[in-house]
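So the protein sequences, as listed, match chains A and B. Everything in the first sequence is counted per the numbering used here, starting at 1 for the first residue and increasing by one. Everything in the second sequence is counted per the numbering used here, starting at 306 for the first residue and increasing by one. Reviewing the structure listed below.
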Amino acid sequence: MLTEFETQLLGLMMMVIMLGMGASLTYRDFLIAFRRPKGVLIGLVCQYGLMPFVGFTLAILLNFPPALAVGLILMGCMPGGTTSNIFAYFSKGVLALSIMMTSISTLVALVAVPALLAFYTGMAGIGSEFAVPASNVAQVLVVLLVPTLIGMVTRKLNPNIGATMELIGSFMGIFVILFLIVTWVPRNHMLLAATPVSVYFAVIGLGLIGMALGFLLARLLRQDRNRSRTIALETGIQNGPLAVLIVTLTFTGAMQQEVLLIPVLYSLFIVLTSTFVTLFFRRLADREALARDQAKTGSVSQASR
Amino acid sequence: MQHPFANTPRPWVAVYREVGITPELPPLSHPNLGAFVHDACTRWARESKAKAAFTCVVPNGMNGSLSFAKVDELSDYFAAYLREVLGLHVGDRVAVQMPNGLAYPVVAFGILKAGCVLVNTNPLYTPAEMVHQYKDAGVKALVLIDMFADKLPSVLAMTTIKHVVLAGVSEFFPLIPKAIIRGVQKVWAQVLPPVTVPHTRIAAALAQGRAALQKAGGRLHAQNYWKSIQPHELALLQYTGGTTGVSKGAMITHSNLLHNVQQMLAMGGTHMAPGKECVLTALPIYHILAFTANLLGFLAIGAQNILIPSPRPVQNLQRAVENYPITWMTGVNTLYNGLLNEEWFVAYPPKTLKASIAGGTSLHSAVAKRWREVTKTPIAEGYGLTETSPVVSFNPLHGEPRLGSIGIPAPGTDIRLVDENGVDVSFGQGGEIYVKGPQVMQGYWHQPAETAAVLRDGWLATGDVAEMDDQGFMQIIDRKKDMILVSGFNVYPNEIEDVIAQMDAVLEVAVVGTPDEKTGEAVRAYVVHNPEHEGALQPEAVIAHCRKFLAAYKVPKSIVIREELPKTVVGKVLRKDLKAEVKAEWQEQLKANLHP
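Put into structure tokens, the structure is as follows:
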């Protein structure tokens, strides 16, 4: 479990991340995204239609005890993680789409997460002692949305400060995960050793299955390969640290310890998974770009006429 | 020889009256550019409503600014650095090789104030191209963007350059954005190479200049540098291939530039409110159009100048367009077309835009039409050459736009249209454009034969063939010179052919232009394999070879391998036959597209 200090620090870092996320957006970016809502809608369907279902299904199939099930379902219901933007950038994807999907899913989370959580934990027959009150989710999100708005306003008023915030926010996204690794793993290595394979399967599977389904759904809905890859990353990468915050707010003691396991493990593994997937996507993007160039410029070599 | 305008010397004056252009140019406001810059900065520091004189905006929105007073001050220091610290004299050539940024006006104005001659150079030039230009001009000092400092060792050894000043893209930015941009450049993008030759950074150069100036009597003393510079003295050596393709320096004087600024302001004046404009400078300042129009012209009316270091991809302009009240733009067809394909631009076109100028290459009527629809503002195509500083003609901003026309001559300009036999043609007939006016260059630097070939009795032969109607509106119908315009940049087949001919695998080569949707025209090389050379001739190899010696825009987009090239009886390659082939090929494609 996390100490009080660590929880506060985590909260603070998340606020900085949200500040950065807000600073990467302008009001106009939203207006432009909504002119063609298809991409955003696909993102929302993946984020709140697919992922919670995947989390729920894995929890049922793997026969998880309530503490683990709650953790997994919570992870599935989370909005997109901000690190997805960094991975979208490196995979040569559509960064603007990634930023937009992360922001909008975070805004919608206020309503979506409590509802989906209640629905799926109910379906899984999880007892009320493991229930995550909607007010807790709302509390955390509101605290995080205020910095987002501040970020957006700052960007408008002073682009220099805004762009600096955006940069710091991006670094913080990675740093937060490193922070979790450094604070949590050493203390809990015994727990980790005793953790059954099914848990590892679930946390890695949530990410990978999410990415695969996100890609398929996007292609099915006629998005081009590059956009689909970006949507895939966006779908699979959930906001792990946000889940950690919600858990520490809701549970204490041994229960917190148990429920925290999946969010923390997910956060660790998603970075690894995303890195591999990103490198793979990047190679695909390069190959496609090369093919496009060759078709266009046509290094034409013709035999004599 | 009967001049067609014998009865009405300048038929277009009637149009001037209609649209509110003063036909006579006022007398020169200043004897030289040093005085002009100092005066403009002093006046507009007081009167302009602009938030800054120059603002540089990088793609993520980070920006830095210089006020009119600051630009004046810093350019004084740079002038002092050149004259006192480096000991340069009036007329010495100083090269500037940077993308748009805050350092550019400081350095350019400093050079002009010092009475030295500015040699604008494309920062993307390969060392080979740099050596050719700097040797020809006899450049003594070079101001280079730090990103390309790795080109220096191979260049310095072969030229007369004795002093190197380095500047960065984020020069003069506030501390934190500057540090972040440099950090990203150095560590992340790795575009800042280590510098192995003696050099001075711009900040140090300015500090030295300031110290020297203070010793000499303070800022007032700086005015002595330009006090005695006469209008006919050289301000720029602007390199171009002209009509023959051999790169040479057009000698542009203070008078040429000051007059062309007046001409430009006369043509656009109806849409310009002094002290209240904000111009977007996406075109590079080292290109003569942006130099005269954006750098000098808009300074004259106290506008805020938004400098864009890298306009490709066109998305880089988004934050600049969103955050600043842009009222004017200069651009080429590629830029306007690019913007019209960006959702963020079409959805929210800048509300404050008043007018745009298109130069460098012909503006496609489809692009012009769409631009007018989307922005609800006029876009005026103009025509000019490096040799004419550059503006020759311009479409008036009022009234019905004439599609495909390059407009009427600017005030103070005389035009003749001449056929192959040297006879003036009448209205509606095609002839080579000859220009006479205060904007015409003095000649080519150290190239008397080339100069004599184009300049006769003050008339400049442009190599462009046009028709004029009885109101004075002109339309380009052909290009006499073998030149290819890639996004407004001149590319000369000779230069490319020379480079490709160096390849062992190539026996013969001919380079022509092909139409291109994105860039207007593109470069194509027809090559013949050398039978004595082992191994096949690969198009990729030709392109790779070109990339080593030529800036990217000159590299051929397509390579066609042939058994032989069409030639005259004496063995001269007939480029026009290949051009005809290209034309036929494109017409077939057009037909195929229309009837799939």
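Every residue, glycine too, gets a C-beta built ideally from N, C-alpha and C.
Residue contact with chain A for Pro482 of chain B: present (Cβ-Cβ distance below 8 Å to some residue of chain A). Taking the Cα positions, Ile209 of chain A is about 28 Å away from Gly169 of chain A.
Residue contact with chain A for Tyr641 of chain B: absent (no Cβ-Cβ distance below 8 Å to any residue of chain A).
From the beta-carbon of Ala652 of chain B, the residues of chain A found nearer than 9 Å are Arg28, Leu31, Ile32, Arg35. Taking the beta carbon of Trp317 of chain B as reference, no residue of chain A falls within 8 Å; the closest one sits roughly 42 Å away. In the three-state scheme derived from DSSP, where H, G and I count as helix and E and B as strand, Asp719 of chain B is classed as strand.
In this structure, DSSP gives Ala289 of chain A a helical state, which the three-state scheme calls helix. Taking the C-beta atoms as reference points, Val395 of chain B is found nearer than 8 Å to Gly420 of chain B. The residue among B:Ala374, B:Ala408, B:Ala598 with its C-alpha nearest the C-alpha of Ala509 of chain B is B:Ala408. Around the beta carbon of His537 of chain B, fewer than 16 other beta carbons lie within 10 angstroms, which makes this residue exposed.
Listed along chain A, the residues sitting closer than 7 Å to Ile485 of chain B by beta-carbon distance are Thr164, Leu167. The criterion of a C-beta distance shorter than 8 Å is satisfied by Ala815 of chain B and Val878 of chain B. By the C-beta density criterion, Gly840 of chain B is exposed, having fewer than 16 other C-beta atoms within 10 angstroms.
Judged by their CB atoms, Thr464 of chain B and Lys491 of chain B are not nearer to each other than the 8 Å cut-off. Taking the beta carbon of Pro479 of chain B as reference, the chain A residues within 7 Å of it are Asn160, listed in sequence order. At least one CB atom of chain A sits nearer than 8 Å to the CB of Met367 of chain B.
Glu648 of chain B belongs to the set of residues whose beta carbon lies under 8 Å from a beta carbon in chain A.
Taking 3 residues as the minimum length, the beta strand (DSSP E) runs contained wholly in the segment 336-368 of chain B are 359-362, in order along the chain. At a cut-off of 8 Å, the C-beta of Asn628 of chain B has a neighbouring C-beta in chain A.
For Arg624 of chain B, the residues of chain A that pass the 9 Å Cβ criterion are Thr26, Pro159, Ala163, in the order they occur in the chain. For Asn795 of chain B, there is no enclosing alpha helix (DSSP H); the enclosing beta strand (DSSP E) covers residues 794-796.
Here Val500 of chain B has Ala454 as same chain residues with Cβ atoms under 6 Å from its own Cβ, once five neighbours each way along the sequence are excluded. Residues of the same chain with a CB within less than 8 Å of the CB of Leu284 of chain A, apart from the 5 flanking positions on each side, are Arg225, Arg229 in chain order. Only residues of its own chain outside the window of five on either side were considered, and among them Leu19, Gly20, Ala23, Gly151, Thr154 have a CB closer than 7 Å to the CB of Met165 of chain A, listed in chain order. Here Lys896 of chain B is exposed. Its C-beta has fewer than 16 other C-beta atoms within 10 Å.
In terms of CA proximity to Thr632 of chain B, B:Thr682 leads the group B:Leu461, B:Asn799, B:Thr682, B:Ile801. In this chain, Met634 of chain B is not harboured by any alpha helix (DSSP H); it is covered by the beta strand (DSSP E) spanning 633-636. DSSP lists B:Ala815, B:Val865 as the beta-bridge partner residues of Tyr831 of chain B. Within the same chain, Pro695, Val696, Val697 come within 6 Å of Gly689 of chain B by CB-CB distance, once the 5 residues on both sides are set aside. Around the Cβ of Pro241 of chain A, a 10 Å sphere holds 16 or more other Cβ atoms; the residue is buried. Of the residues A:Asp29, A:Glu288, A:Phe53, the one whose Cα lies closest to the Cα of Met100 of chain A is A:Asp29.
In the displayed model, Phe596 of chain B falls within a helix according to three-state DSSP. A direct Cα-to-Cα measurement between Lys38 of chain A and Glu329 of chain B gives close to 58 Å.
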